[in-house]
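What follows is the structure, given as C-alpha cells:
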C-alpha cells in the first residue's frame with residue numbers, strides 16, 4: 040500500500056511526541072514493505088522564499104516544505120493565519136499527491152500546514168485517517184490552557200479564545216478588543232472543524248481526549264481508541280542498573296515549559312535530603328529560556344541536577360539509571376510517550392492527576408497520582424517514596440509493557456484495509 044503521512048513538524052529538527060511517533064510509524068510501515076512518504080513543514084534558517092526538498096530517510100521518502108515565513112517580523116494577523124491556512128503549502132501538497140499517488144493519507148497534524156489539505160484528499164476520493172494528538176481542532180493554541188496558567192473552562196462564544204490571543208500581543212486595552220477579535224476564532228473553529236469532519240476515520244490515543252472532543256460536538260462513536268505504540272527495543276537496549284543502598288533516583292524527561300509543571304516537582308523536592316533522593320531534570324533550556332532560568336533558581340543544587348538536552352538515543356540509558364519517572368504536568372496531557380517509554384523500561388511513574396495521565400498511570404499498580412500544581416502534595420508523595428523505597432520496588436513489579444510499535448502498526452494496517 041502507498042501511504043502518505045502528514046505531520047506539522049518532523050525529526051530531527053523537532054522531537055515532540057507527535058513527531059517522534061510519526062517517524063517510528065513511517066519506519067515500521069516501510070519495514071513492512073509499504074511505500075511511505077511523509078509531508079511536513081520545516082523552515083530553514085534564513086529562508087526568505089517558499090521552497091521544498093525531498094529527502095530519503097530510513098526506508099521512506101519525506102518532502103520538507105517551507106514558506107520563508109519569519110514569525111519575528113510577521114504581524115499578529117499573519118502569524119494567526121499561518122497556523123491553519125497556507126495557500127503555498129496547499130499547492131505543494133497537491134503536487135505531492137500527484138507525484139506520490141498514495142492509496143491512503145494518514146493525517147497526524149495539520150497545524151502550520153493548512154486545514155485545506157484534508158479537503159484536497161477528500162476531493163480526490165482518497166481514504167483518510169486522522170490521529171488526534173492534542174486539542175488543535177477545538178483550541179487554537181492546541182493545549183486548552185489560559186494565559187494565567189489555568190486550564191480552559193470554555194470558549195464563551197470564542198471570547199476566551201480572543202483573550203488568549205490578545206494576552207500574547209500585550210496590547211493595551213485588550214479586554215475591550217475581545218468582541219472584535221472573537222469572530223476570527225469563530226471562523227477558524229468552523230473551518231478546521233469542517234475539515235476534521237471530512238476525514239473518514241478518527242483515532243485517539245486516550246479516552247480522555249475522546250471525551251473532551253465529544254464535549255465540543257465530535258461524536259464519540261466516530262473515534263477509535265488506539266494507544267500509540269513505541270519500539271520498546273529503544274528503551275530496553277540498556278540493562279537496568281538496580282538500585283543499591285543509595286538515594287532513590289527520580290527523573291524528569293521532557294520540555295522545560297510551564298505547562299509541563301517542572302517547577303512543581305523541583306519545588307516539591309526542596310527539603311528532601313540528597314541522602315534520601317535525587318532529581319535529574321532533562322530538557323532543552325533554550326526553548327523557553329526565562330522559564331528554564333526560573334527552574335535553575337528554584338532548584339536545590341544539593342539534590343537536583345539540571346542535565347540539559349537528552350538525545351533521543353540516550354533515553355534508554357537515562358531510564359536505566361532511574362527508579363521513578365515524574366510527570367508533573369498542569370495541563371490536559373493526552374498520551375505522553377515518555378510514560379510508555381518508562382513502562383517499557385520497567386520504571387514506575389508519579390504523575391499529575393489530570394487529563395489522560397489519570398488513565399495512563401494506575402495508582403498502587405504502576406505508579407502514583409498527585410493533584411496537579413499542588414507542591415505540598417507532591418512533596419509528601421516524593422518524601423514518602425524516598426523514605427520507603429520498598430514501596431517503589433513493589434510498584435515497579437506491577438509495571439506492564441506498553442503497546443509496542445509492532446502490535447500498534449498491525450492494528451493500523453487492519454484499519455487501513457477497511458478503507
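Numbering (my numbering), first residue to last: 40 to 458.
All residues carry an ideal CB built from backbone N, CA and C; glycine is no exception.
Using a Cβ-Cβ distance cut-off of 8 Å, the region 374-385 and the region 321-338 are not in contact, since fewer than three pairs of beta carbons, one from each stretch, lie closer than that value. When DSSP states are grouped into helix, strand and coil, residue 90 belongs to the strand group.
In this chain, the beta strand (DSSP E) harbouring residue 291 covers 287-292. Residue 277 is not a Cβ neighbour of residue 263, given a cutoff of 8 Å. Residue 400 holds the alpha-carbon nearest to the alpha-carbon of residue 437 among 450, 458, 400. Classified as buried, residue 299 has 16 or more neighbouring CB atoms from the shown chains inside 10 Å of its CB.
With a contact defined as Cβ atoms closer than 8 Å, residue 157 and residue 238 qualify at about 6 Å. Taking 8 Å as the upper bound for CB-CB distance, residue 426 and residue 315 are in contact here, some 7 Å apart.
In the structure shown, the three-state DSSP call for residue 343 is strand. Around the Cβ of residue 320, a 10 Å sphere holds 16 or more other Cβ atoms; the residue is buried.
Boundaries for residue 390: no alpha helix (DSSP H) harbours it, while the beta strand (DSSP E) harbouring it runs 388-391, taken from the DSSP string. Spanning the alpha carbons of residue 154 and residue 413 requires a straight line of approximately 38 Å. In this structure residue 268 touches residue 447 by the C-beta definition: roughly 3 Å separates them, less than 8 Å. In this structure, residue 46 lies near residue 79, with their beta-carbon atoms less than 8 Å apart. Taking residue 69 as reference, the option from 57, 48, 95 with the minimal CA-CA separation is 95. Assignment of residue 349 by DSSP, reduced to helix, strand and coil, places it in the coil class. By the criterion of at least three beta-carbon pairs nearer than 8 Å, the region 109-118 is not in contact with the region 130-140.
Residue pairing by DSSP puts residue 167 in a beta bridge opposite 144.
Rounded to whole angstroms, the Cβ separation of residue 444 and residue 129 is 31 Å, and the two are not in contact under 8 Å. Distance from the Cα of residue 395 is smallest, within the candidate group 243, 358, 415, for 243. Relative to residue 381, the option among 403, 356, 397 whose CA is nearest is 356. Under DSSP, residue 321 shares a beta bridge with 292, 347. Judged by DSSP in its simplified three-state form, residue 74 adopts strand. Within 10 angstroms of the beta-carbon of residue 97 lie fewer than 16 other beta-carbons, which makes it exposed. Per the coordinates, the alpha-carbon of residue 397 lies some 26 Å from the alpha-carbon of residue 351.
Every alpha helix (DSSP H) stretch that sits fully inside the region 387-436 and reaches 4 residues is listed by chain position as 396-399, 414-426, 428-435.
Residues 50, 351, 376 of the same chain have their beta carbon placed closer than 8 Å to that of residue 59, with the five preceding and five following residues left out of the count. Taking C-alpha positions only, residue 228 is separated from residue 131 by approximately 24 Å. Taking C-alpha positions only, residue 329 is separated from residue 295 by approximately 10 Å. Comparing alpha carbon positions, the residue from 222, 430, 363 closest to residue 318 is 363.
A Cβ-Cβ contact shorter than 8 Å links residue 77 with residue 101. Within a 10 Å sphere around the beta-carbon of residue 112 sit fewer than 16 other beta-carbons, which makes this residue exposed. Taking the Cβ atoms as the reference, residue 203 lies roughly 6 Å from residue 186, within the contact range of under 8 Å. Per DSSP, the beta-bridge partners of residue 42 are 75, 143. Distance from the CA of residue 453 to the CA of residue 64, rounded to the nearest whole angstrom, comes to 14 Å. Cβ contact annotation for residue 167 (same chain, cutoff 6 Å, sequence separation greater than five): 144, 160, 238, 239, in chain order.
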